[in-house]
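Please read the structure below before turning to the comments.
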Amino acid sequence: MSVGNDGLHNNEIFLQIRVEKSRYFRREGADIHSDITVSLSQAALGGKIRVQGIYENMLVTIPAGSCSNDRIRLPGKGISRINGYGYGDHYIHIHIQAPK
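Mapped onto this note's numbering, the consecutive letters of the sequence shown carry residue numbers 103 to 202.
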């Protein structure tokens, strides 16, 4: 018999949790989306950039010749799947900063 249960009543607790919307991440199921802004030279020549992830910061390679609205997929770096095993993916959307 559990503590606080008299054996006659079925004790239940219902919780409602509200998660504040992130300013950095967007969620689609178990997948996470975020945006990065790179310079024109980084997009043209490629390079590495540090990106904030859900569980850790990551060093991501920007492919040479990247265009605005290209995306980079990081498999298994999203949120834990509720009805299954594994994790979703983290998609990084590239935006190119125009030179001044």
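All C-beta atoms in this analysis are idealised placements derived from N, C-alpha and C, irrespective of residue type, glycine included.
Of all the options the options, which has the alpha carbon lying nearest to the alpha carbon of residue i?
{"i": "residue 181", "options": "168, 202 and 158", "result": "158"}
{"i": "residue 179", "options": "194, 171 and 167", "result": "194"}
{"i": "residue 160", "options": "120, 129, 192 and 197", "result": "192"}
{"i": "residue 133", "options": "121, 199 and 177", "result": "177"}
{"i": "residue 151", "options": "188, 162 and 136", "result": "162"}
{"i": "residue 164", "options": "199, 144, 170 and 156", "result": "144"}
{"i": "residue 170", "options": "156, 117 and 199", "result": "199"}
Tell me, please, which residues DSSP counts as bridged to residue i.
{"i": "residue 141", "result": "199"}
{"i": "residue 189", "result": "182"}
Under DSSP, the beta strand (DSSP E) around residue i begins and ends at which residues?
{"i": "residue 129", "result": "128-130"}
Looking at residue i: is its Cβ nearer than 8 Å to the Cβ of residue j?
{"i": "residue 174", "j": "residue 140", "result": "no"}
{"i": "residue 153", "j": "residue 138", "result": "yes"}
{"i": "residue 131", "j": "residue 190", "result": "yes"}
{"i": "residue 166", "j": "residue 142", "result": "no"}
{"i": "residue 128", "j": "residue 135", "result": "yes"}
Quiz prompt | Length-filtered (3 minimum) beta strand (DSSP E) runs lying within the stretch 147-173 | solution = 149-154 and 159-164
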